[in-house]
Amino acid sequence: MSSEIDVHLGRRLRRRRRLLGLTQQQLAAVCGVRFQQIQKYECAANRMSAARVWQLAQVLEVPVSYFYEGLSKAQREEHVLNGEGAEMFARKETRDLIQAYYQLGERPRRRLLDLAKSLNGDAEG
Numbered sequence: 003m004s005s006e007i008d009v010h011l012g013r014r015l016r017r018r019r020r021l022l023g024l025t026q027q028q029l030a031a032v033c034g035v036r037f038q039q040i041q042k043y044e045c046a047a048n049r050m051s052a053a054r055v056w057q058l059a060q061v062l063e064v065p066v067s068y069f070y071e072g073l074s075k076a077q078r079e080e081h082v083l084n085g086e087g088a089e090m091f092a093r094k095e096t097r098d099l100i101q102a103y104y105q106l107g108e109r110p111r112r113r114l115l116d117l118a119k120s121l122n123g124d125a126e127g
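Residue numbering for the sequence shown follows this note's numbering, beginning at 3 and increasing consecutively.
The structure is reproduced here in structure tokens:
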């Protein structure tokens, strides 16, 4: 079952591949996969991993962000949480942090969350 994000990524892949005049076979050969895999990415039958998006961006000479252009911020965040970001939740460090967070009372949790958000804002600015 494909999501609208997978469909969007597949369309962006197809658009760039065609713009460069590459066939699915040619792109597949450079990526080390069969053309059917590229076909499945383009029609969203298979989800692209973060590593594959990175590889395709390099091969197609575009930034990784190219694949996400046109998506809303909420859709991009959903893709990270449902796809490539899933490995983040598999880390022991993440599980320990979540467990410790929920052992706090409501007020300390809110304060910790506010602190984390402010630190993230400092890193971005």
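For each residue, glycine too, the CB sits at the ideal point set by N, CA and C. Bear in mind the structure is a predicted one, so any value in this text is a computation, not a measurement.
For residue i, count the other beta carbons within 10 Å of its own beta carbon; 16 or more makes it buried, fewer makes it exposed. Which is it?
{"i": "GLY107", "result": "exposed"}
{"i": "LEU117", "result": "exposed"}
{"i": "ILE100", "result": "exposed"}
{"i": "ASP98", "result": "exposed"}
{"i": "GLY127", "result": "Bear in mind that a pLDDT of 43 at GLY127, under 50, signals an unreliable position, so the number given afterwards is only what the model happens to contain. Burial call: exposed."}
What is the rounded straight-line gap between the Cα of residue i and the Cα of residue j?
{"i": "ARG113", "j": "THR96", "result": "19 Å"}
{"i": "ARG19", "j": "THR25", "result": "7 Å"}
{"i": "VAL32", "j": "ALA59", "result": "12 Å"}
{"i": "ARG109", "j": "LEU115", "result": "10 Å"}
{"i": "CYS45", "j": "TYR68", "result": "18 Å"}
{"i": "GLY34", "j": "GLN41", "result": "14 Å"}
Tell me whether residue i sits in a helix, a strand or coil according to DSSP, three-state version.
{"i": "ASN48", "result": "coil"}
{"i": "THR25", "result": "coil"}
{"i": "PRO110", "result": "helix"}
{"i": "GLU71", "result": "coil"}
{"i": "VAL35", "result": "coil"}
Rounded to the nearest angstrom, how far is the Cβ of residue i from that of residue j, given a contact under 8 Å?
{"i": "VAL66", "j": "TRP56", "result": "6 Å"}
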